[in-house]
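Student: Quick one: the structure is below, questions incoming.
Protein chains: 4
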Amino acid sequence: MADRRLDPVPADNFAFGLWTIGNVGRDAFGDPTRPPVAPAEFVRGLGRVGAAGVSFHDDDLIPPGSSAAEAERVLAEFRSALDATGVRVTMATTNLFTHPCFKDGAFTSNDRGVRRHALAKAMRGIDLGASLGAPVYVLWGGREGVECGAAKRPQDALARYAEAVNFLCGYVRDRGYPMRFAIEPKPNEPRGDTFLPTIGHALAFITTLDQPDMVGVNPEVAHETMVGLSFHQGIGQALWQGKLFHIDLNDQKIGRYDQDFRFGSEGIKENFLLVRLLETSGYTGTKHFDSRPYRNEWGDGIWEFARGSMRTYLALAAAAREFDADPAVVAALAAAGAGELAEESVGAYTPTAAAALLAEPADPEQLAARSYVNERLDQLLIDHLLGLPRA
Amino acid sequence: MADRRLDPVPADNFAFGLWTIGNVGRDAFGDPTRPPVAPAEFVRGLGRVGAAGVSFHDDDLIPPGSSAAEAERVLAEFRSALDATGVRVTMATTNLFTHPCFKDGAFTSNDRGVRRHALAKAMRGIDLGASLGAPVYVLWGGREGVECGAAKRPQDALARYAEAVNFLCGYVRDRGYPMRFAIEPKPNEPRGDTFLPTIGHALAFITTLDQPDMVGVNPEVAHETMVGLSFHQGIGQALWQGKLFHIDLNDQKIGRYDQDFRFGSEGIKENFLLVRLLETSGYTGTKHFDSRPYRNEWGDGIWEFARGSMRTYLALAAAAREFDADPAVVAALAAAGAGELAEESVGAYTPTAAAALLAEPADPEQLAARSYVNERLDQLLIDHLLGLPRA
Amino acid sequence: MADRRLDPVPADNFAFGLWTIGNVGRDAFGDPTRPPVAPAEFVRGLGRVGAAGVSFHDDDLIPPGSSAAEAERVLAEFRSALDATGVRVTMATTNLFTHPCFKDGAFTSNDRGVRRHALAKAMRGIDLGASLGAPVYVLWGGREGVECGAAKRPQDALARYAEAVNFLCGYVRDRGYPMRFAIEPKPNEPRGDTFLPTIGHALAFITTLDQPDMVGVNPEVAHETMVGLSFHQGIGQALWQGKLFHIDLNDQKIGRYDQDFRFGSEGIKENFLLVRLLETSGYTGTKHFDSRPYRNEWGDGIWEFARGSMRTYLALAAAAREFDADPAVVAALAAAGAGELAEESVGAYTPTAAAALLAEPADPEQLAARSYVNERLDQLLIDHLLGLPRA
Amino acid sequence: MADRRLDPVPADNFAFGLWTIGNVGRDAFGDPTRPPVAPAEFVRGLGRVGAAGVSFHDDDLIPPGSSAAEAERVLAEFRSALDATGVRVTMATTNLFTHPCFKDGAFTSNDRGVRRHALAKAMRGIDLGASLGAPVYVLWGGREGVECGAAKRPQDALARYAEAVNFLCGYVRDRGYPMRFAIEPKPNEPRGDTFLPTIGHALAFITTLDQPDMVGVNPEVAHETMVGLSFHQGIGQALWQGKLFHIDLNDQKIGRYDQDFRFGSEGIKENFLLVRLLETSGYTGTKHFDSRPYRNEWGDGIWEFARGSMRTYLALAAAAREFDADPAVVAALAAAGAGELAEESVGAYTPTAAAALLAEPADPEQLAARSYVNERLDQLLIDHLLGLPRA
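Residue numbers (this note's numbering), protein chains in the order written: chain A, 532 to 922; chain B, 532 to 922; chain C, 532 to 922; chain D, 532 to 922.
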């Protein structure tokens, strides 16, 4: 394990949002436990811990109600910190959930005035993001949902959602911004049920848009995990459909409130499979952390949290490389038929191919006699995860 | 409530699978508790209770290992019962999960021989279904998944899945069958994690196929509910994308084994919203029940179970009609802005529209002051569900 | 259904907490959407809607940091409103979760100073509750848990928890307050995992206390439901062990953040079974609602929410009475053997009884042939819930 | 890590049930995938892999319907294998779930005849277990539950459950068997909802029994995890109450069907915390595995599965020892106040202690300023789990 580099460098392409490490620790039942971190200070911290990128909601960077002069000052300090550290803005997004005007939704609020306000706020946020070079704009529809299902016809909500994304795509093209959108699905919380609840629903929605090429997904570990879906399989489908434009790394136990724990702190096996997939799939986007320190953390501990997030990613990436290089694993994968799954079963339909298939003698009992040695393969995975010496 | 007809007639278009009412009650921990019901007897029972349709897996109708003569006899009796009762075959499907040869998957087994066997079995099942007039062929990939995530690269599995569906579409077109496919998603069980886990993932997958028009979805209440997704919202998206080709009605508690309870016996409110959506959306397919009597049921009780399934559907449909006709509901929906959600927010992008939006004075505080009266609306829903007299 | 009284009167013994109807709508992702309701105004509102009782956390009534004069003024107004309306204080409790000092727990914080502060705050809260006549003091250990499991040895945490409850029991006895304690279990949120996560764990814990007779449970629908346990069965065990001292009514979907929805708005069947159990078990405590209006509600809608909570309870109680009086139900219960379950199987152990049992001829096949007609019984339940006319 | 012994020896006290490694792979949707393993052969296999103990249901050992001669032959071979290998019978139990006569429950079936048959079957199973030296008798009430909640009054069910356990305690005492009972809780499956759903409910129930000292719990990882409870915290409460009489190790994802995966294959962090707790708590019972190989496993792979189960346990135990010996961990635990939680907060109630507490100056802001460094502690845990070199 001598080649396990665990200290991140900018080339690793890790990024953090302003609202993550610097989260003040307010939750549904309690007041803040930590002071805020100013954006420029945050960027300098990122530089120190080896991160490459920073992301923000419009309101994280420029507090609502700021005067033009205040906004200019914040921006100047932020740019100065970016220049000094080499940290890049890798993503921007709009806060369409904190203000009470969004209590019934933003792009899918039943109030047309709210929908128009949300669009204008998103356009201004896009301008801000573009001015700072953000290549990806995330759309998280946190309030796009219902508690009282009778209040919104789902088809109407989806139509409004699509209208909004189409409009924003038009805006970005019109302005000539080199920016793509990434929709972030979430099944529930803060709404009872959210529209576009999973990666799959978002991928399907995107195919209905006017400019589907401009829009991909920004899956988050915690969001898919809340409802117990396999995150790495969802990422697999997003990659297969060419739509993984961004990713939010954190952690979560199934069936709970949105925990946003430090990446790699809960679903260790699933995260191993995720990192193995990301590192071998050609994904070149940032590895973006959308998590926050435990609320009982204080002071420099928030930066330890940041370092731990990246350290665990690097450790899992190293373990995945070692796993795939282990001859015992290579043999187990072969015995499991993992490579065989990449071979065509029959190819494109032709009457000849169909006739051949139907003429093939079937021997289900013999087919049933094969072992896929998945227990050995899985134990090898656990062994590599736990850093166990192999005989 | 004088117009609440609760006894089904064929025009209601209800259907049941051979494996449902007649389920023998075997589960993961116990042996069968009931004798099987022969297919022809089953059809006659359906006729008696007012159902319109019957569905089957190939092996439900023709037991594996049957001689040609036995198969002929079963088929003749089945056709005779269909003719006598007017019950139609409304769906057919293939059993690709019971035999141990499918223990690692069918279309996505790592064993190419199993994949080819599964395709041939599906083609024969399609022939059988077509011969009996089934307009819809369901593809449930019960074993298409993994416990040991390292054993299958998700992208390979999806590629094989797509290859299989494309091949079957080619086969159906080649044979000239007037048949469409409906993919039935499920998140897990009997596999640890299943490919195409939700309606969304299936809808997205379909857009990648060679003949996407031939393929829709067959969502099941229990399957989406297992992971806690809102079923009626998922159906809303399937309808919005024009892909609701079939539906499986039953019931389930969130976060549990696949319960397949009688429709309407658990998620009463969600089912109300579902029936309201189906009845007002123009869905013309069968309302198909994929459920089974409690295992401690015996004898004629299995037909009471069938009657109850349809009775509750009709009752919820009546309640939904009455809900939407109630002036208090009409007023609450208006106050909630439900109709306003059907109005365009801004329309297609134009620079002029964008400029207008950005020039609009924003008054978030005023927008926040609106009540959406969702409590009143939801209470009215509960009142109608409970059959409460209104003041 | 002519005897269905749906408008509450004080004799119905409904109660609401100050933090419920008057909740300002802040959540983990958003700012308040409603103005607060002053305690005295709240009590007058309760009087108008027919509630019998009010409950509070110390800080709900007397805002932290109030001067003695301010506290006196609030208390005087509160008492005056109680006197004017006849509303009684039916429960009091301590807020040991909002202030950041409780970020690592209160009675089980790793900081001994915090534990002592929590005890002193609870003692003052008990004094306040006693001064207003509260017969029940609820202990909800919202912050008694961990995210990082290594940080607290569970046995130490339980020992500290027991020490705290024992001390408070001693205090109440010493002061001579006619007050009992009710522990409110919750599985998670706001902590990753909470100590005493369910009714069962709390019941078991109570048996270890110095004064177990002084302590019972305060189960909450949402809390047990979050992890998918049957609430009415948990209440059944609490009743069976004589420990149902208080109850928190609200609603929730399984596997989600703590939703605190209006009672009866989600788990309709489970709530029917709950109300049937409460109404027939001799429970004489208040029916206390710990829920809050949807965040997009505003103005008088919060009182509609309160009315709806009670209306649905009364409707379910009426439906349960009608269900149990329906001859078809009586027959189905008999066929199901429901009454037979109340009969002793064998009685206390004696060698003679044992010998008799072992000598009894076993005929499992014959025992297996019985139908428990649970489908009919359950359909009757659904029929009564939906207010369906019976043939 | 040179001292990490990963090959089990009998002194490690690992045990497996006959139904585990030798599981034939039948599930709710599929037929068996593997041949059965005869009991004597199974014991010899256990001897080879270094296990210390074997457990069984009555019907696993003596197939129902065996003649006396057949039973004798099986028993003789079984005893012979035990003698030859030194494997001990460490637990026995009764199958009260497979036969259809138990479809409505066993000790809580609504049919009194079934209840009596279940008791007699359990008594005979106890005789069989005692004859083979089993010190623990497990009671898993797999069918003790309902789908149709109206069919059983929960209090009646609990009364019958208690009656049965009391009777069996009387029987064991009467016979003079040196045997204790362990109740195995489970929340659901195969019943919709099970009585005694969690460790907590079982612990509470036990306190109501006639001979509470004879009865403890047999918690299973998968069962508590199904509903998302923290297993190690549940075990902590069982240990704290002196009731951990046996344990079932396996693995499971939250919110799913009962998966019975190989121990340590899913919830790696939770299992680390569990093993750390077991190894430091003085627990001296067997570490019993109640799991089964993936269904697509065949042949010798089932024994690799057994070896992997024990290997991972030993690896986690080693990691836990190293974690607790690491000076950085010792420092982090101290900074977190982990040891401080073992200190009394105030001690037993006295008026003087109460007065002192109330007189203590409170400074919540200062108390809130502490960091519990849980991020560092948790990252150290992850580092140790992943076998990462420390700087």
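Backbone N, C-alpha and C fix where the C-beta goes; we use that ideal spot for every residue, glycine too.
Of all the CB atoms in chain B, is at least one closer than 7 Å to the CB of TRP829 of chain C?
Tutor: Yes, because at least one Cβ of chain B sits closer than 7 Å to the Cβ of TRP829 of chain C.
Student: Decide if ARG722 of chain A is buried, meaning its Cβ has at least 16 other Cβ atoms within 10 Å, or exposed.
Tutor: When all chains shown are included, ARG722 of chain A counts as buried.
Student: Following the continuous alpha helix (DSSP H) through LEU670 of chain B, name the residue where it begins and the one where it ends.
Tutor: From DSSP, LEU670 of chain B is part of no alpha helix (DSSP H) but of the beta strand (DSSP E) over 667-671.
Student: Could you spell out the range, first to last residue, of the alpha helix (DSSP H) harbouring HIS915 of chain C?
Tutor: 905-916
Student: Mind checking the region 779-790 of chain D against chain B and listing, in chain order, the residues whose C-beta falls within less than 9 Å of any C-beta there?
Tutor: LYS784, ILE785, GLY786, ARG787, TYR788, ASP789, GLN790
Student: With a threshold of 16 other CB atoms inside 10 Å of the CB of SER662 of chain D, please say whether the residue is buried or exposed.
Tutor: Looking at its Cβ environment, which holds fewer than 16 other Cβ atoms inside 10 Å, SER662 of chain D is exposed.
Student: I want to see whether chain B comes within less than 7 Å of TYR903 of chain C, judged by CB atoms only; does it?
Tutor: At least one chain B Cβ lies under 7 Å of TYR903 of chain C.
Student: Per the DSSP calculation, HIS819 of chain C is bridged to which residue(s)?
Tutor: C:ALA546, C:ASP779
Student: Check whether the Cβ of ASP909 of chain A lies closer than 7 Å to any Cβ atom in chain D.
Tutor: yes
Student: Shorter than 7 Å from the beta carbon of LYS717 of chain C to some beta carbon of chain E?
Tutor: In the structure shown, chain E does not exist; the protein chains are A, B, C and D.
Student: Please classify THR881 of chain A: is it buried, with 16 or more other beta-carbons within 10 angstroms of its beta-carbon, or exposed?
Tutor: exposed
Student: Work out the CA separation of TYR788 of chain A and TYR788 of chain C for me, nearest whole Å.
Tutor: 4 Å
Student: Sorted by chain position, which residues of the same chain lie with C-beta nearer than 8 Å to VAL580 of chain B's C-beta, five sequence neighbours on each side aside?
Tutor: PRO539, TRP834, ALA837, ARG838, MET841
Student: Using beta-carbon positions only, say whether ASN905 of chain B and TYR825 of chain C come within less than 7 Å of one another.
Tutor: yes
Student: Taking PRO563 of chain B as the query, report the chain D residues whose CB atoms sit under 8 Å from its CB, ordered along the chain.
Tutor: Residues of chain D whose Cβ lies closer than 8 Å to the Cβ of PRO563 of chain B are, in chain order, PRO631.
Student: Counting Cβ pairs, one atom from each stretch, are 3 or more of them under 8 Å apart for the region 781-798 of chain A and the region 737-748 of chain A?
Tutor: no
Student: Does DSSP put MET622 of chain D in a helix, in a strand, or in coil?
Tutor: Strand at MET622 of chain D.
Student: Please report the straight-line C-alpha distance between ARG711 of chain B and ALA612 of chain D, rounded to a whole angstrom.
Tutor: 59 Å
Student: With contact counted as at least three CB pairs below 8 Å, one residue from each stretch, are the region 759-776 of chain B and the region 676-696 of chain A in contact?
Tutor: yes
Student: For the region 665-698 of chain A, which residues have a CB atom closer than 8 Å to at least one CB atom of chain C, in sequence order?
Tutor: Residues of the region 665-698 of chain A with a C-beta less than 8 Å from any C-beta of chain C: GLY673, ARG674, GLU678, CYS679, listed in chain order.
Student: Compare the C-beta of SER876 of chain D against all C-beta atoms of chain C and say whether one is closer than 7 Å.
Tutor: Yes - at least one Cβ of chain C is within 7 Å of the one on SER876 of chain D.
Student: Taking 8 Å as the threshold, find out whether the region 728-744 of chain A comes into contact with the region 729-741 of chain B through three or more Cβ pairs.
Tutor: With a cut-off of 8 Å, the region 729-741 of chain B and the region 728-744 of chain A count as touching, because enough Cβ pairs lie within range.
Student: With distances taken between CB atoms, is the gap from ARG646 of chain B to LEU888 of chain A smaller than 7 Å?
Tutor: no
Student: Where LEU864 of chain B and LEU577 of chain C are concerned, what is the direct C-alpha to C-alpha distance, given to the nearest angstrom?
Tutor: Their Cα atoms are separated by approximately 27 Å.
Student: For GLU675 of chain C, which residues in the same chain have their Cβ closer than 8 Å to its Cβ, ignoring the five residues on either side in sequence?
Tutor: GLY636, ALA637, PHE638, THR639, ALA688, TYR692, ARG722, THR725, PHE726, LEU727
Student: Against chain D, does ARG823 of chain B count as a neighbour if the rule is that its beta carbon must be under 7 Å from one of theirs?
Tutor: So no, ARG823 of chain B is outside the interface.
Student: Alpha carbon to alpha carbon, what distance is there between CYS679 of chain A and ASP909 of chain B?
Tutor: 6 Å
Student: Which residue comes first and which comes last in the alpha helix (DSSP H) that contains PHE573 of chain D?
Tutor: 570-580
Student: Can you grab the Cα-Cα spacing for the pair ALA533 of chain D / PRO541 of chain D, in whole Å?
Tutor: Summary for ALA533 of chain D: the model assigns pLDDT 46, below 50, so the residue's position carries little reliability; its value from the coordinates is reported in the next sentence. Going by the C-alpha atoms only, they are around 21 Å apart.
Student: Please determine, among C:ARG536, C:VAL585, C:THR616, C:PRO631, the residue with the shortest C-alpha to C-alpha distance to ARG565 of chain A.
Tutor: C:PRO631
Student: State the DSSP-derived secondary structure class of LYS652 of chain A, mapped to helix, strand or coil.
Tutor: helix
Student: Among all the DSSP beta bridges, which residues are the ones paired with ALA713 of chain A?
Tutor: Looking at the DSSP output, ALA713 of chain A bridges to A:VAL669, A:GLY747.
Student: Report the CB separation of GLU801 of chain D from HIS763 of chain D in whole angstroms; it is logged as a contact under 8 Å.
Tutor: The Cβ separation is near 6 Å, so the contact holds.
Student: Rounded to the nearest angstrom, how far is the Cβ of ILE799 of chain C from that of LEU916 of chain C, given a contact under 8 Å?
Tutor: 6 Å
Student: On the three-state DSSP scale, how would you describe ASP831 of chain B?
Tutor: coil
Student: How close, in whole Å, do the beta carbons of ALA846 of chain C and LEU919 of chain B come, if the pair is a contact with beta carbons under 8 Å?
Tutor: 6 Å
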